[in-house]
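Colleague: Heads up: the protein sequence lines correspond to chains A and B, in order. For the first sequence, the working numbering assigns the number 544 to the initial residue and increments by one for each residue that follows. For the second sequence, the working numbering assigns the number 544 to the initial residue and increments by one for each residue that follows. The structure is given below, and queries will be raised subsequently.
Number of protein chains: 2
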Amino acid sequence: MPRPRSLTQDQVAAAALAVADRDGLAGLSMRAVAKELGMSTMALYRYVRDRDELEGLIVDLVLGEVDTSPPPDGPWRERVEVMAVRMRDALAAHAAIVPLTMTHRHGSPGSLRWGETVTGILAQAGIEGRAAAIALRALIAYVTGAIQLEHLGALSGTGTDAIAELPGDVFPNMAKTAQHARGIGPDEEFLGGLSALLRGLGS
Amino acid sequence: MPRPRSLTQDQVAAAALAVADRDGLAGLSMRAVAKELGMSTMALYRYVRDRDELEGLIVDLVLGEVDTSPPPDGPWRERVEVMAVRMRDALAAHAAIVPLTMTHRHGSPGSLRWGETVTGILAQAGIEGRAAAIALRALIAYVTGAIQLEHLGALSGTGTDAIAELPGDVFPNMAKTAQHARGIGPDEEFLGGLSALLRGLGS
DNA sequence: ATCGTAAGCGTATGCCGTACACCTACAGGA
DNA sequence: TCCTGTAGGTGTACGGCATACGCTTACGAT
Numbered sequence: 544m545p546r547p548r549s550l551t552q553d554q555v556a557a558a559a560l561a562v563a564d565r566d567g568l569a570g571l572s573m574r575a576v577a578k579e580l581g582m583s584t585m586a587l588y589r590y591v592r593d594r595d596e597l598e599g600l601i602v603d604l605v606l607g608e609v610d611t612s613p614p615p616d617g618p619w620r621e622r623v624e625v626m627a628v629r630m631r632d633a634l635a636a637h638a639a640i641v642p643l644t645m646t647h648r649h650g651s652p653g654s655l656r657w658g659e660t661v662t663g664i665l666a667q668a669g670i671e672g673r674a675a676a677i678a679l680r681a682l683i684a685y686v687t688g689a690i691q692l693e694h695l696g697a698l699s700g701t702g703t704d705a706i707a708e709l710p711g712d713v714f715p716n717m718a719k720t721a722q723h724a725r726g727i728g729p730d731e732e733f734l735g736g737l738s739a740l741l742r743g744l745g746s
Numbered sequence: 544m545p546r547p548r549s550l551t552q553d554q555v556a557a558a559a560l561a562v563a564d565r566d567g568l569a570g571l572s573m574r575a576v577a578k579e580l581g582m583s584t585m586a587l588y589r590y591v592r593d594r595d596e597l598e599g600l601i602v603d604l605v606l607g608e609v610d611t612s613p614p615p616d617g618p619w620r621e622r623v624e625v626m627a628v629r630m631r632d633a634l635a636a637h638a639a640i641v642p643l644t645m646t647h648r649h650g651s652p653g654s655l656r657w658g659e660t661v662t663g664i665l666a667q668a669g670i671e672g673r674a675a676a677i678a679l680r681a682l683i684a685y686v687t688g689a690i691q692l693e694h695l696g697a698l699s700g701t702g703t704d705a706i707a708e709l710p711g712d713v714f715p716n717m718a719k720t721a722q723h724a725r726g727i728g729p730d731e732e733f734l735g736g737l738s739a740l741l742r743g744l745g746s
């Protein structure tokens with residue numbers, strides 16, 4: 544009976560994501576998203592309660608793009624690694640919104656599906672119950688932490704250079720470590736830490 | 544010759560931290576910090592270039608409170624664990640500013656000293672060069688990720704309850720895992736994941 | 001053709017960070 | 001003792017933010 548909606552929430556989320564991809568997280572505002580959709584600022588509020596909900600929709604959208612189908616057969620560590628890499632790739636495609644995932648990942652359907660697949664792999668490997676709960680949280684902690692680190696000064700970036708040139712008498716170990724760190728790419732870094740965690744999770 | 548400063552940057556940082564502790568990150572504003580110091584808003588800018596620098600000072604202050612003296616002798620894994628727990632405890636005392644540490648940890652003296660001590664322990668354990676660089680970054684990724692997770696919906700909180708009540712036919716593994724997760728405290732969770740990572744780092 | 005509903009919009013409020021121009025307290029030299 | 005240059009401290013103002021509120025308007029059902 545009333546006037547029909549002209550947009551879906553998905554379209555709103557997609558517009559917001561486009562703004563964030565183009566102008567960064569700082570450029571993401573209700574005004575900017577409304578302009579992206581060709582509406583007035585306040586019209587946006589017909590689709591979203593407030594900015595917080597909009598951020599949730601963006602995270603849902605990005606996390607929903609992660610392929611959560613069970614990876615091909617193989618050793619369980621490799622299969623979990625595939626899942627971790629899928630998550631990392633999806634977020635790398637929208638690096639600007641990575642900080643939002645920490646606040647809004649909770650309860651997102653994509654995140655739940657990812658967890659479901661991972662716990663399934665763990666269960667097949669005999670990791671269940673409390674051990675599975677701890678393993679899943681450890682994986683989430685590592686993956687989200689590593690992704691944020693990666694987008695806030697890569698291992699081979701200027702930050703590492705600065706550390707490598709620290710006074711050798713005050714920070715001898717850091718200076719030496721940074722020297723070696725220069726040659727390490729982001730992939731090797733991410734996968735290296737991940738495989739250590741996975742080795743340890745097998746008890 | 545000119546009028547002397549009446550405040551140190553440390554005092555400014557302490558006031559800002561007090562505001563954040565009391566009113567949360569959302570309550571942290573230049574106006575609020577200036578009021579905390581009993582000055583006008585703009586006087587604050589005599590001590591700090593902009594808000595970004597103020598945030599850096601806060602992080603420096605909190606990270607500077609971490610005890611970075613070498614832990615007592617013992618197995619290297621236990622010594623690294625002590626370092627991780629010290630970092631976690633320091634941040635837990637100021638949970639509101641945890642998100643700031645992701646953006647401002649880089650180059651903070653406290654963070655450097657922490658890294659120096661950790662790489663020292665790793666070196667004594669025979670982990671050096673590229674392996675040490677990867678190990679350090681993995682530890683930072685896990686610790687920061689876990690701390691953020693902890694302050695954004697604990698394992699035994701309402702979020703877990705919601706997951707435990709998910710449709711069992713769509714998320715069977717998650718539902719079962721969440722059931723077991725309910726009984727896990729934050730310490731057990733943090734230390735469990737950490738010891739897995741440390742086991743794996745020993746190659 | 002009309003009418004109720006909700007879409008969409010304009011305006012306004014109270015925050016925010018901060019640029020700028022001004023006044024003022026103080027240490028050093030006279 | 002007074003004078004003066006420097007930098008500390010302040011008030012005002014601007015543009016941008018999220019969003020509350022009330023109006024207008026498009027539309028599907030009658």
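Where is the CB? At the ideal position from N, CA and C, for every residue including glycine.
From L737/A to G743/B, what does the alpha carbon distance come to, in whole angstroms?
Modeller: Whole-angstrom Cα-Cα distance: 9 Å.
Colleague: Touch check for the segment 679–699 of chain B and the segment 676–691 of chain A: three-plus C-beta pairs under 8 Å?
Modeller: Counting Cβ pairs under 8 Å, three or more are found: they touch.
Colleague: Among T646/B, R656/B and M585/B, which residue has its Cα nearest to the Cα of P613/B?
Modeller: If we check each option's Cα against that of P613/B, R656/B comes out closest.
Colleague: Measure the C-alpha to C-alpha separation of T660/A and A559/A and round it to an integer number of angstroms.
Modeller: Cα to Cα, T660/A sits roughly 28 Å from A559/A.
Colleague: Check whether the Cβ of A724/B lies closer than 7 Å to any Cβ atom in chain A.
Modeller: True, the Cβ-Cβ gap to chain A drops below 7 Å.
Colleague: Residues in the same chain with beta-carbon distance under 6 Å from L698/A, minus the five sequence neighbours each way, listed in chain order, please.
Modeller: Note that L698/A scores 46 on pLDDT, short of 50, meaning its location in the model is unreliable and no value can be drawn from it.
Colleague: In its own chain, which residues sit with a C-beta less than 6 Å from the C-beta of E598/A, not counting the 5 before and 5 after it?
Modeller: Cβ neighbours of E598/A beyond the five flanking positions: L643 and H647.
Colleague: R673/A touches chain B at which residues, Cβ-Cβ below 8 Å?
Modeller: Simply H723, A724, G726 and I727.
Colleague: Scan the segment 606–638 of chain A for residues whose Cβ lies nearer than 8 Å to a Cβ of chain B and list them as they occur along the chain.
Modeller: Those residues of the segment 606–638 of chain A that come within reach of chain B (Cβ to Cβ, closer than 8 Å) do not exist; the list is empty.
Colleague: Report all residues from its chain with a CB closer than 6 Å to the CB of A721/B; omit the five preceding and five following residues, and keep chain order.
Modeller: Contacts found: T703, I706 and A707.
Colleague: Count the other CB atoms within 10 Å of the CB of G711/B; is the residue buried (16 or more) or exposed (fewer)?
Modeller: Looking at its Cβ environment, which holds fewer than 16 other Cβ atoms inside 10 Å, G711/B is exposed.
Colleague: Could you give the distance in angstroms between the alpha-carbon of I670/B and the alpha-carbon of L740/A?
Modeller: The straight-line gap from Cα to Cα measures roughly 16 Å.
Colleague: How about I677/A: is its C-beta nearer than 7 Å to some C-beta of chain B?
Modeller: Yes, I677/A lies at the interface with chain B (some Cβ there is under 7 Å from its Cβ).
Colleague: Please state the DSSP three-state secondary structure of E671/B.
Modeller: Three-state result, E671/B: coil.
Colleague: Where does R565/A sit, in a helix, a strand or coil, going by DSSP?
Modeller: Correct three-state label for R565/A: helix.
Colleague: Measuring only between beta-carbons, confirm whether Q485/B sits less than 7 Å from chain A.
Modeller: One cannot answer for residue 485/B here, as it falls past the ends of chain B, which runs 544 to 746.
Colleague: So G736/A is in the alpha helix (DSSP H); what residue range does that whole segment cover?
Modeller: Residues P729 to L744.
Colleague: Go ahead and pull the three-state DSSP assignment for M630/B.
Modeller: M630/B: helix per DSSP, three-state reduction.
Colleague: In or out: V713/A buried (at least 16 other Cβ within 10 Å) or exposed?
Modeller: Its Cβ having fewer than 16 others within 10 Å, V713/A is exposed.
Colleague: Between the Cα of L682/A and the Cα atoms of G672/A, L695/A and L665/A, which residue gives the shortest distance?
Modeller: Cα-wise, what sits closest to L682/A is L665/A.
Colleague: My guess is that Y588/A and V555/A are in contact by the Cβ rule of under 8 Å, so how many angstroms apart are they, rounded?
Modeller: Not quite, the Cβ-Cβ distance comes to about 11 Å (not below 8 Å), so this is no contact.
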